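So the numbering used here is basically just the index in the sequence shown, starting at one, shifted up by 443.
Right, one structure below, let's go through it.
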Amino acid sequence: MDERPDPAAGTRTRHVLVAGIDGVRLDVLERLPARRLAEVRAAGFLAPILVDEDTPTMSGPCWATIATGVRVGKHGVWANDFSGNRLGQFPDFATRLTRGLGRRTYVAAAWDPLVLARDGGPLFAAPSRLLYVATEAHTAEAWEAADEAVTADAETVLRRDPVDAAFVYLGAVDETAHLHGCGPRYEAAIANADARLGRLLDAVRSRPGFGHEDWTFLVVTDHGHVDEGGHGGRSDLERTAWIACCGPGVPAGSAPRHAVRHVDVAPHVFHALGLEPDRHWTFEGTHLATVAVPAQFAHAAG
Ligand SMILES: [Zn+2]
């Protein structure tokens, strides 16, 4: 055993990337290769999330729960118009990290109320750095172009800049389902999002300091879709979302100890950064505690 002190001991830093991909049905995902998401799953786990009984299966409420760590009854985002929200009292994790804790955060999105003072937004109020890309039309193609611009900027930032926590939102999959249903075009949009996720992972891994950084990757969707495209109801197809996670405390061959909820994402961001959430924040979730999956079950897990 080599007893010399590790020169990097004590100097390792913790970081988190949350990739939000809107409206990806778990059953459709499971029949696609989604090779880059599979990397995250293999290094940790992928688990279903059931949108809770009180929450409309709509993007606004679900992303607000993901970003704030509290449910609709507290954050007050009940629809895709965020007006009347209480995000001032229950802010997003990036704003808490930057304003209260001095961490460097980055948020990139092309859906207005996530990052702009439009439609009752922004959900992400004051990250250190923010990218908004305007979609040029209500078409799947325009959303693909916007996601591409979001990904390109995120790649640049993640490759070289100081970032403690990032949230990158991809919206083309959801828009494609709304306009074209959950058929071949939807599957192609999921493949595109998977490739963009891969570029984000590659950007992180190419960081000059990556060898001294511990990264947690969270990939999450907000809700599902009915076959013809659309959501908002209480069917299993609409209520079933999912999350994939890997990083410190979430190793390969692990599974969540408890059923995962959207409200667990923000607490896990703080946990992954080695930070204890303030109890005054009244988080309604917990970080993602895991258990080891016996090897003979590991392949079928999730
Ligand atoms: Zn959505």
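We put the beta carbon where it would ideally sit given N, CA and C, even for glycine.
The model shown is predicted, which means the values in this text are computed figures rather than measured ones.
Residue from the options with nearest C-alpha to residue i
| i | options | result |
| --- | --- | --- |
| Asp665 | His730, Ala507, Trp658 and Tyr549 | Ala507 |
| Phe660 | Gly676, Val483, Leu613 and His623 | Val483 |
| Cys688 | Leu472, Asp465 and Ala486 | Ala486 |
| Tyr575 | Thr582, Ala583, Gly564 and Glu584 | Gly564 |
| Leu559 | Arg546, Asn635, Arg547 and Leu573 | Leu573 |
| Val706 | Thr498, Gly545 and Glu618 | Thr498 |
| Thr465 | Phe726, Glu656 and Asp637 | Reading off the sequence shown, one finds Asp at residue 465, where the question assumed Thr. When each option's Cα is compared against that of Asp465, the closest is Asp637. |
| Pro751 | Ser697, Leu601, Arg628 and Thr541 | Because the chain spans 444 through 745 in this model, residue 751 falls outside it and cannot be assessed. |
| His458 | Ala715, Arg677 and His674 | Ala715 |
| Glu515 | Ala735, Ala732 and Phe726 | Sequence inspection shows Val at residue 515; the Glu mentioned does not correspond to that position. Comparing Cα positions, the closest option is Phe726. |
| His581 | Trp554, Arg628, Gly667 and Asp679 | Trp554 |
| Ala695 | Asp657, Phe488 and Asp679 | Phe488 |
| Arg747 | Ala481, Thr733, Leu475 and Pro504 | Here the chain covers residues 444 to 745 and nothing more, so residue 747 does not appear. |
| Glu656 | Pro691, Thr538, Val708 and Val550 | Pro691 |
| Ala481 | His621, Leu644 and Leu540 | Leu644 |
| Ala583 | Gly675, Thr619 and Gly728 | Thr619 |
| Leu613 | Asp679, Val550 and Leu493 | Val550 |
Limits of the beta strand (DSSP E) - the one that residue i falls within
| i | result |
| --- | --- |
| Ser697 | Ser697 to Pro699 |
| Asp572 | Sequence inspection shows Arg at residue 572; the Asp mentioned does not correspond to that position. Arg572 -> beta strand (DSSP E) spans Arg572 to Tyr575. |
| Val708 | Here Val708 belongs to no beta strand (DSSP E); instead the alpha helix (DSSP H) covers Val708 to Ala715. |
| Leu557 | Counting along the chain, Leu557 falls outside any beta strand (DSSP E), though it belongs to the alpha helix (DSSP H) covering Asp555 to Val558. |
| Val550 | Thr548 to Ala552 |
| Leu460 | Thr456 to Ile464 |
| Val734 | Thr733 to Ala735 |
Cα-Cα separation, residue i to residue j
| i | j | result |
| --- | --- | --- |
| His730 | Pro710 | 5 Å |
| Pro605 | Glu719 | 22 Å |
| Thr599 | Arg650 | 10 Å |
| Arg552 | Thr578 | Checking the displayed sequence, the identity of residue 552 turns out to be Ala instead of Arg. Roughly 10 Å separates the two Cα atoms. |
| Ala702 | Val693 | 15 Å |
| Arg455 | Val647 | 15 Å |
| Leu530 | Ala522 | 14 Å |
| Pro448 | Gly654 | Annotation note: pLDDT 46 at Pro448 (below 50); position unreliable, coordinate value reported separately. Between Pro448 and Gly654, the C-alpha separation is close to 17 Å. |
| Ala632 | Glu591 | 12 Å |
| Ala608 | Arg546 | 8 Å |
| Ala597 | Val611 | 7 Å |
| Leu469 | Gly717 | 30 Å |
| Gly519 | Glu681 | 21 Å |
| Pro640 | Val662 | In the sequence as displayed, the identity of residue 640 is Leu instead of Pro. Whole-angstrom Cα-Cα distance: 9 Å. |
| Pro491 | Gly652 | 33 Å |
| Ala477 | Ala634 | 6 Å |
| Cys625 | Met501 | 17 Å |
| Asp617 | Val513 | 23 Å |
| Pro504 | Ala510 | 10 Å |
| Phe443 | Ala462 | Residue 443 falls outside the range modelled here, since the chain spans only 444 to 745, and no answer is possible. |
| Val734 | Val471 | 27 Å |
| Leu460 | Trp658 | 7 Å |
| Gly667 | Ala615 | 14 Å |
| Thr683 | Gly672 | 14 Å |
| Thr594 | Ala585 | 14 Å |
Residue span of the alpha helix (DSSP H) that contains residue i, given as start and end
| i | result |
| --- | --- |
| Ala592 | Ala583 to Arg603 |
| Val680 | A small fix is needed here, since residue 680 is Leu in this sequence, not Val. It spans Asp679 to Arg682 - the alpha helix (DSSP H) in which Leu680 sits, taken as one unbroken run. |
| Leu475 | Unbroken run through Leu475: none, as it is neither H nor E. |
Residue-level contact to chain B via CB, residue i, 8 Å cutoff
| i | result |
| --- | --- |
| Val734 | The structure shown contains no chain B; it is built from a single protein chain. |
Any non-hydrogen atom of ligand 2 closer than 7 Å to residue i Cβ
| i | result |
| --- | --- |
| Asp679 | Ligand 2 is not part of the structure shown, which contains ligand 1 as its ligands. |
What residue ranges within the segment 484 to 520 form continuous alpha helix (DSSP H) runs of no fewer than 4 residues, ordered along the chain? 502 to 511 and 515 to 518
Could you tell me which whole beta strand (DSSP E) segments of length 3 or greater appear in the segment 600 to 658? 608 to 613
Pairing CB atoms from the segment 675 to 688 with CB atoms from the segment 525 to 539, are three or more of them under 8 Å? no
Assess, as a yes-or-no matter, whether the segment 534 to 546 is touched by the segment 555 to 569 under the definition of 3 or more beta carbon pairs within less than 8 Å. yes
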